[in-house]
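Peer 1:
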């Protein structure tokens, strides 16, 4: 749907949004034993005609106040190296249970967190494991999330070499006040330079934009979209902010601006 052709829908309520975490953030979650897990994995090939893979890299150099996903502060490259090896061991462990190449992979997504904290060596090692254990001959989209502060030529080249097709980053908004509230880098010029670097290596460069913040309106959303288009991105994904999962600090900052935080769920009346 072309947003401007169809017009804008008034955003005056919050509809339900759901986030699923792994590992489950509860002590009562069900954990199958090895034999049960083997049975689950054995059924994964029976009716599937294609496969999608998701890899989560839960490290961030700064914690964005709007983000609902599992992540923690980046402390050292050693942590990233150990996590990389854990991901590869997980692939190898599952490859012992079923023939992962029996079903072709159509889509791969690296999210977080900040996957672009992976070093070029980490990227190469994961890429080798993917190509060794999965049928990658039918991949249509291989997406990788960047933070613009960690975009480098070496990382971009390594990702292109392993087959990444879509580079993604979170623009969220260009409004300076909201970027400060979200704990985002205020330097828009840095984003523009990063987009230029990414476009040199990937045919698709995409950004995320948030809308529905307290006190914002359609003019701000359109200004954000216009800026993204001017930067040269190929696609823009637009998401409503999830007030059920944003940080307590952000809620306090919003109230300090004399603006009520919108409810997380729509009113039943």
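Residue numbers (the working numbering): 859 to 1127.
From the three backbone atoms N, C-alpha and C, an ideal C-beta is built for every residue, glycine too.
#1: For residue 926, tell me which candidate among 981, 942, 1095 and 1106 has the shortest Cα-Cα distance.
#2: Around the Cβ of residue 1026, are there at least 16 other Cβ atoms within 10 angstroms (buried) or fewer (exposed)?
#3: Between which two residues does the alpha helix (DSSP H) harbouring residue 1059 extend?
#4: Taking 7 Å as the cut-off, does the CB of residue 935 come closer than this to any heavy atom belonging to the ligand ADP?
#5: Which residues in the same chain as residue 1040 place their Cβ atom closer than 7 Å to its Cβ, once the five residues preceding and following it in sequence are excluded?
#6: What residues in its chain sit with their C-beta under 8 Å from that of residue 1127, if we drop five residues either side in the sequence?
#7: With contact counted as at least three CB pairs below 8 Å, one residue from each stretch, are the segment 930 to 939 and the segment 957 to 970 in contact?
#8: Quick check on the DSSP output: what are the complete beta strand (DSSP E) runs of length 3 or more inside the segment 1071 to 1102, in order along the chain?
#9: Quick check: the Cα distance between residue 1096 and residue 1033, rounded to an integer number of angstroms?
#10: For a quick check, are the C-beta atoms of residue 1089 and residue 1035 less than 8 Å apart?
#11: Where do the ends of the beta strand (DSSP E) carrying residue 912 lie?
#12: With a CB to CB cut of under 6 Å and the five nearest residues on each side skipped, what residues in its chain are close to residue 1009?
#13: Give a yes or no on whether the C-beta atoms belonging to residue 1022 and residue 1060 are separated by under 8 Å.
#14: As an exercise, report each continuous beta strand (DSSP E) stretch of at least 3 residues that is fully enclosed by the segment 935 to 1015, in chain order.
#15: Once you ignore the five residues that flank residue 957 on each side, which residues in its own chain have a CB closer than 8 Å to its CB?
#16: Pairing CB atoms from the segment 990 to 1005 with CB atoms from the segment 967 to 975, are three or more of them under 8 Å?
#17: Considering Cα atoms alone, identify which of 954, 1048, 945 and 947 is closest to residue 1172.
#18: Does the beta-carbon of residue 1020 have 16 or more other beta-carbons within 10 angstroms, so that it is buried, or is it exposed?
#19: In angstroms, rounded to a whole number, what distance separates the CA positions of residue 892 and residue 959?
#20: Can you say whether residue 1044 is buried or exposed, counting buried as having 16 or more other CB atoms within 10 angstroms of its CB?
#21: In its own chain, which residues sit with a C-beta less than 8 Å from the C-beta of residue 1015, not counting the 5 before and 5 after it?
#22: If you drop the 5 nearest sequence neighbours on each side, which residues of the same chain put their C-beta closer than 8 Å to that of residue 980?
#23: Which class does residue 1043 belong to by DSSP, given the choice of helix, strand or coil?
#24: So the beta strand (DSSP E) residue 895 belongs to, where does it begin and stop?
#25: Would a C-beta distance cut-off of 8 Å place residue 1071 and residue 1099 closer than the cut-off?
#26: What is the DSSP secondary structure of residue 904, counted as helix, strand or coil?
#27: Once you ignore the five residues that flank residue 945 on each side, which residues in its own chain have a CB closer than 7 Å to its CB?
Peer 2: The answer reads as follows:
#1: Within the chain shown, residue 926 is the residue found at index 68, counting from 1. If we check each option's Cα against that of residue 926, 1106 comes out closest.
#2: If you number the chain shown from 1, residue 1026 lands on position 168. The residue in question, residue 1026, is buried, as its Cβ has 16 or more Cβ neighbours within 10 Å.
#3: Start at 1 with the first residue of the chain shown, and residue 1059 comes out as number 201. In this chain, residue 1059 is not harboured by any alpha helix (DSSP H), its DSSP state being neither H nor E.
#4: With respect to the ligand ADP, the structure offers nothing, as it holds no ligand at all.
#5: As a working mapping, residue 1040 is identified with position 182 in the chain shown. So the list reads 922, 923, 924 and 1030, once near-sequence residues are dropped.
#6: One-based indexing of the chain shown puts residue 1127 at position 269. The pLDDT assigned to residue 1127 is 47, lower than 50, so where the model puts this residue is not dependable; a value taken from the coordinates is nonetheless given after this. So no residue of the chain qualifies.
#7: no
#8: 1093 to 1098
#9: As a first step, residue 1096 is located in the chain shown; it is residue number 238 there, counting from the start. As a first step, residue 1033 is located in the chain shown; it is residue number 175 there, counting from the start. Their Cα atoms are separated by approximately 15 Å.
#10: On the chain shown, residue 1089 is found 231 positions in, with the first residue counted as 1. On the chain shown, residue 1035 is found 177 positions in, with the first residue counted as 1. It is not a contact, given that the beta carbons lie outside the stated cut-off.
#11: Locating residue 912 in the chain shown gives position 54, counting from the first residue. Residue 912 -> beta strand (DSSP E) spans 909 to 915.
#12: Counting from one through the chain shown, the residue named residue 1009 turns up at place 151. Once the five neighbours on either side are set aside, the close Cβ partners of residue 1009 are 1052 and 1055.
#13: In the chain shown, the residue the question calls residue 1022 occupies position 164. In the chain shown, the residue the question calls residue 1060 occupies position 202. Their beta carbons are under 8 Å apart, which means residue 1022 touches residue 1060 by this criterion.
#14: 963 to 970 and 999 to 1004
#15: Your numbering for residue 957 matches position 99 in the chain shown. So the list reads 903, once near-sequence residues are dropped.
#16: With a cut-off of 8 Å, the segment 967 to 975 and the segment 990 to 1005 count as touching, because enough Cβ pairs lie within range.
#17: Residue 1172 lies beyond the range of the chain shown here (859 to 1127); nothing can be said about it.
#18: Here residue 1020 refers to the residue found at position 162 when the chain shown is read from its first residue. By the 10 Å Cβ count, residue 1020 comes out buried.
#19: Taking the chain shown and counting its residues from 1, the one referred to as residue 892 is at position 34. Taking the chain shown and counting its residues from 1, the one referred to as residue 959 is at position 101. Near 21 Å, if we compare the C-alpha coordinates of residue 959 and residue 892.
#20: Numbered from 1 along the chain shown, position 186 holds the residue referred to as residue 1044. Its Cβ having fewer than 16 others within 10 Å, residue 1044 is exposed.
#21: In the chain shown, residue 1015 corresponds to position 157, counting from 1. Taking C-beta separations shorter than 8 Å and ignoring five residues to either side along the sequence, the partners of residue 1015 in its chain run 978 and 1059, following chain order.
#22: Against the chain shown, residue 980 aligns to sequence position 122. So the qualifying residues of the chain are 938, 939 and 942.
#23: Looking up residue 1043 in the chain shown gives position 185. In the structure shown, residue 1043 sits in coil (DSSP, three-state: anything other than H, G, I, E or B).
#24: The residue given as residue 895 occupies position 37 in the chain shown. Here residue 895 belongs to no beta strand (DSSP E); instead the alpha helix (DSSP H) covers 892 to 900.
#25: Position 213 of the chain shown, counted from the start, is the residue given in the question as residue 1071. Position 241 of the chain shown, counted from the start, is the residue given in the question as residue 1099. Yes. Within cutoff.
#26: Here residue 904 refers to the residue found at position 46 when the chain shown is read from its first residue. Three-state DSSP puts residue 904 in coil, outside helix and strand.
#27: What you label residue 945 is simply residue 87 of the chain shown in a count that begins at 1. Correct list, in chain order: 913 and 984.
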